[in-house]
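Visitor:
Chains as they are written, first to last, in the working numbering: chain W, 36 to 443; chain Z, 787 to 888.
(1) Please report the straight-line C-alpha distance between residue 60 of chain W and residue 184 of chain W, rounded to a whole angstrom.
(2) Which residues in chain W have a C-beta closer than 9 Å to the C-beta of residue 826 of chain Z? List them in chain order.
(3) For residue 311 of chain W, does the three-state DSSP call read helix, strand or coil?
(4) Just to make sure I have the definition right: I need the residues of chain Z whose C-beta is within less than 7 Å of the C-beta of residue 454 of chain W. Which are they?
(5) Is residue 242 of chain W helix, strand or coil by DSSP?
(6) Using 8 Å as the limit for Cβ to Cβ distance, is residue 113 of chain W near chain Z?
(7) Does the Cβ of residue 195 of chain W have 16 or more other Cβ atoms within 10 Å, making it buried, or fewer, making it exposed?
(8) Please report whether the beta-carbon of residue 806 of chain Z lies at a distance below 8 Å from any beta-carbon of chain W.
(9) Checking contacts by CB at 8 Å: is residue 39 of chain W closer than that to chain Z?
(10) Just mark residue 171 of chain W as buried or exposed, buried being the case when its beta carbon has 16 or more other beta carbons within 10 Å.
(11) Who are the Cβ neighbours of residue 268 of chain W in its own chain at under 6 Å, not counting the five residues just before and after it?
(12) Quick one: residues in its chain with C-beta nearer than 6 Å to the C-beta of residue 806 of chain Z, no 5 flanking neighbours on either side, listed in chain order?
(13) Using the three-state DSSP reduction, which class does residue 815 of chain Z fall into: helix, strand or coil?
(14) If you draw a straight line from the alpha carbon of residue 66 of chain W to that of residue 379 of chain W, how long is it in whole angstroms?
(15) Give me the chain W residues within the contact set of residue 815 of chain Z, using Cβ-Cβ distance strictly less than 8 Å, ordered along the chain.
(16) Between W:316, W:394 and W:225, which has its C-alpha nearest residue 91 of chain W's C-alpha?
(17) Is DSSP giving residue 415 of chain W helix, strand or coil here?
(18) Using three-state DSSP, classify residue 111 of chain W as helix, strand or coil.
(19) With distance defined between alpha-carbon atoms, name the residue in W:176, W:130 and W:206 nearest to residue 165 of chain W.
(20) Report the residues of the stretch 840-863 of chain Z with a CB closer than 8 Å to any CB of chain W, ordered along the chain.
(21) Can you find a CB in chain W that lies within less than 8 Å of the CB of residue 876 of chain Z?
(22) With burial defined as no fewer than 16 other Cβ atoms inside 10 Å of the residue's Cβ, what is the status of residue 417 of chain W: buried or exposed?
(23) Compute the beta-carbon to beta-carbon distance between residue 75 of chain W and residue 126 of chain W, rounded to the nearest angstrom, for a pair I have assumed lies under 8 Å.
(24) If residue 71 of chain W and residue 96 of chain W are in contact, beta carbons under 8 Å, what's the gap, nearest whole angstrom?
(25) Whether or not the stretch 236-246 of chain W and the stretch 279-294 of chain W are in contact is what I'm after, with contact meaning three or more pairs of Cβ atoms, one per stretch, closer than 8 Å; do they touch?
(26) Please classify residue 14 of chain W: is it buried, with 16 or more other beta-carbons within 10 angstroms of its beta-carbon, or exposed?
(27) Going along chain Z in order, which residues have a C-beta closer than 8 Å to the C-beta of residue 93 of chain W?
(28) Report the neighbours of residue 46 of chain W on chain Z: residues whose CB is nearer than 9 Å to its CB, in chain order.
(29) Could you tell me which uninterrupted beta strand (DSSP E) segments, each at least 3 residues in length, are contained entirely in the stretch 803-881 of chain Z, listed from first to last along the chain?
(30) Taking the alpha helix (DSSP H) that residue 225 of chain W falls in, what are its first and last residues?
(31) Taking the CB atoms as reference points, tell me whether residue 458 of chain W and residue 365 of chain W lie closer together than 8 Å.
(32) List the DSSP bridge partners of residue 85 of chain W.
(33) Among Z:794, Z:840 and Z:802, which residue has its Cα nearest to the Cα of residue 880 of chain Z?
(34) Quick one: is residue 390 of chain W buried, meaning 16 or more other Cβ sit within 10 Å of its Cβ, or exposed?
(35) Residue 143 of chain W lies in the beta strand (DSSP E); which residues open and close that run?
(36) Identify, in the order they occur along the chain, each residue of the same chain with its Cβ nearer than 7 Å to the Cβ of residue 392 of chain W, setting aside the five sequence neighbours on each side.
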């Protein structure tokens, strides 16, 4: 069997993240399961939540058996990770069953939750069968008063603290994710410090800056509430640059790699390539945000993930934008890499895939101005000599960063 | 120190792990805490390891597995025994296999 004298390595131990299995050519690597749109909170800025007790919505949701079928199918395609999200995924009474089933199929499980429905029993299950990924808890305040102004549910702070206590008691690794919302912005440094301490994280919590409008385009009133909470472009830029050294270093690397006009192709991302999201009712989406009727696959009735991944989703990536405003602006804008504009967000804001989103355009231009990429009143699509400008900017930025001792 | 592995005993895969095959490669994924001695670890096998692993059905003794491999591969019994015992010791220590009763 072996011929050399050195003892062979029969069994190789690898950490998941560093494992060679991610290099394998499989049709699907990561699946997201949006188990429900219902949530026990009513967060002011939420893009998807529906009332927790809405029986009509609950009855429309995929059954346990359907979710199990989906999980079996993703594993057959080589999938390695499933992420459960919502709404609040722990509202599903079958959550523990879906979780255990996923792990028994050999999937790594991610979970995004508000943490309020974590029970002692669930934490003990995670201690016994670890998810292999840190549980992500979204937290939108520093105390009951600030938190419940956002969640609009009395007692929600206490419930989340209890859930976190169960995680700590059982030594379940978790991270906290925040959002740039008024109660947090006022005490941002304190929030980051406390969140980092609470979850014993090596890094500050990730913060959501871009508040998306309602994903189902279901409520102009709720959209208005979200719009009211959005940061002004100036505030957005100021907060992004708050940790100055890290910001400029990141921006230097990012802009060098990703700036340039995206052209007429509608999708500049990898949506639907090796990753899919199944919504609560069985519609398969190329990404969690993209719910345009022409971009989804009716998995519940067709049950053929391979078909979506081989035919429908690749065909989307070939689509061209047709909206004249998009073609005149976004397609030619060298700042596109900095912008949150994408077909999913265009759908959320305007009901089409290629309409420029004014808010993100303003944010991007403000950011670019503050970085020195454009002059006052200049627009990204007007800059014809952008490669030369970017080169000069990179040189100036490198000098600045060297002077500050950030880079060598 | 003697080997942890008894040639007359039968071993089978632990029920606390999941075995997947992705693109022809066998991947061993610990299911419960304490298996594999590192929660976020997974394991892969080299071809020799795989040939042995596939025979761990809890029905054949280690000696029988060695004999099967001797019949199948062009290598000496000593070499094969060293391979089999070496891997089984590692799997046993990591709680990836269990000894069958009796």
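Where a beta carbon is used, it is the ideal one built from N, C-alpha and C, also for glycine.
Guide: This is what the structure holds:
(1) As a working note, residue 60 of chain W is residue 25 in the first chain. As a working note, residue 184 of chain W is residue 149 in the first chain. Taking the CA atoms as reference points, residue 60 of chain W sits about 47 Å from residue 184 of chain W.
(2) Counting from one through the second chain, the residue named residue 826 of chain Z turns up at place 40. Residues of chain W passing the Cβ test: 50, 51, 52, 143, 165, 167 and 168.
(3) What you label residue 311 of chain W is simply residue 276 of the first chain in a count that begins at 1. Reduced to three states, the DSSP call for residue 311 of chain W is strand.
(4) The structure shown does not extend to residue 454 of chain W, since chain W is modelled only from 36 through 443, so no value can be given for it.
(5) Within the first chain, residue 242 of chain W is the residue found at index 207, counting from 1. The answer is strand: DSSP assigns residue 242 of chain W an E or B state.
(6) Position 78 of the first chain holds residue 113 of chain W. So, interface residue.
(7) As a position in the first chain, residue 195 of chain W is number 160, starting the count at 1. Around the CB of residue 195 of chain W, 16 or more other CB atoms lie within 10 Å, so the residue is classed as buried.
(8) In the second chain, counting from the first residue as 1, residue 806 of chain Z sits at position 20. Residue 806 of chain Z counts as touching chain W.
(9) Stepping through the first chain from its first residue, residue 39 of chain W is reached at position 4. Note that residue 39 of chain W scores 49 on pLDDT, short of 50, meaning its location in the model is unreliable; the coordinates nonetheless yield the value given after this. Judged by the 8 Å Cβ criterion, residue 39 of chain W is not in contact with chain Z.
(10) As a position in the first chain, residue 171 of chain W is number 136, starting the count at 1. Under a 10 Å Cβ-count criterion, residue 171 of chain W is classified as buried, with 16 or more other Cβ atoms of the shown protein chains found around its own Cβ.
(11) Your numbering for residue 268 of chain W matches position 233 in the first chain. Here the set comprises 397, 398 and 401.
(12) Within the second chain, numbered from 1, the residue matching residue 806 of chain Z stands at position 20. Hits under 6 Å: 813.
(13) Reading the second chain from its first residue, position 29 is the one you call residue 815 of chain Z. Note: residue 815 of chain Z maps to strand in three-state DSSP.
(14) Position 31 of the first chain, counted from the start, is the residue given in the question as residue 66 of chain W. Position 344 of the first chain, counted from the start, is the residue given in the question as residue 379 of chain W. Going from the Cα of residue 66 of chain W to the Cα of residue 379 of chain W covers about 18 Å.
(15) Position 29 of the second chain, counted from the first residue, corresponds to residue 815 of chain Z. Those are 141, listed as they occur along chain W.
(16) As a first step, residue 91 of chain W must be located in the first chain, where it is residue number 56. If we check each option's Cα against that of residue 91 of chain W, W:316 comes out closest.
(17) For the purposes of this step, residue 415 of chain W is taken as residue 380 along the first chain, with counting starting at 1. It is helical.
(18) Stepping through the first chain from its first residue, residue 111 of chain W is reached at position 76. Residue 111 of chain W sits in a helix when the DSSP states are folded into three classes.
(19) Here the question's residue 165 of chain W lines up with position 130 in the first chain. Taking only the C-alpha atoms, the option nearest residue 165 of chain W is W:206.
(20) So the list reads 855, 859 and 861, given in the order they occur along the chain.
(21) Position 90 of the second chain holds residue 876 of chain Z. With 8 Å as the cut-off, residue 876 of chain Z counts as an interface residue toward chain W.
(22) Position 382 of the first chain, counting from 1, holds the residue named residue 417 of chain W. Exposed: under 16 other Cβ atoms inside 10 Å.
(23) Position 40 of the first chain, counted from the start, is the residue given in the question as residue 75 of chain W. Position 91 of the first chain, counted from the start, is the residue given in the question as residue 126 of chain W. Right, their Cβ atoms sit about 6 Å apart.
(24) Locating residue 71 of chain W in the first chain gives position 36, counting from the first residue. Locating residue 96 of chain W in the first chain gives position 61, counting from the first residue. Rounded, the Cβ-Cβ distance is 6 Å, consistent with contact.
(25) The stretch 279-294 of chain W vs the stretch 236-246 of chain W: no contact.
(26) The structure shown has nothing for residue 14 of chain W, since chain W only spans 36 to 443.
(27) Here residue 93 of chain W corresponds to residue number 58 of the first chain, with the count starting at 1. Per Cβ cutoff of 8 Å: no residues; residue 93 of chain W is ~31 Å from chain Z at best.
(28) Position 11 of the first chain, counting from 1, holds the residue named residue 46 of chain W. Chain Z residues near residue 46 of chain W: 814, 829, 830, 831, 832, 835, 839, 873, 876, 877, 880 and 882.
(29) Entirely contained in the stretch 803-881 of chain Z, the beta strand (DSSP E) runs reaching 3 residues are, in chain order, 803-808, 811-816, 827-831 and 843-847.
(30) Taking the first chain and counting its residues from 1, one reaches residue 225 of chain W at position 190. Per DSSP, the unbroken alpha helix (DSSP H) holding residue 225 of chain W starts and ends at 223-233.
(31) The requested residue 458 of chain W is not part of the displayed model; chain W covers only 36 to 443.
(32) Walking along the first chain from the start, residue 85 of chain W turns up at place 50. As DSSP reads the structure, residue 85 of chain W sits in a beta bridge with W:73.
(33) In the second chain, counting from the first residue as 1, residue 880 of chain Z sits at position 94. Across the set Z:794, Z:840 and Z:802, the C-alpha of Z:802 shows the shortest separation from the C-alpha of residue 880 of chain Z.
(34) As a working note, residue 390 of chain W is residue 355 in the first chain. Buried, by the Cβ-count rule.
(35) Looking up residue 143 of chain W in the first chain gives position 108. It spans 143-148 - the beta strand (DSSP E) in which residue 143 of chain W sits, taken as one unbroken run.
(36) Taking the first residue of the first chain as position 1, residue 392 of chain W is located at position 357. Excluding sequence neighbours, residue 392 of chain W sits near 376, 380, 381 and 384.
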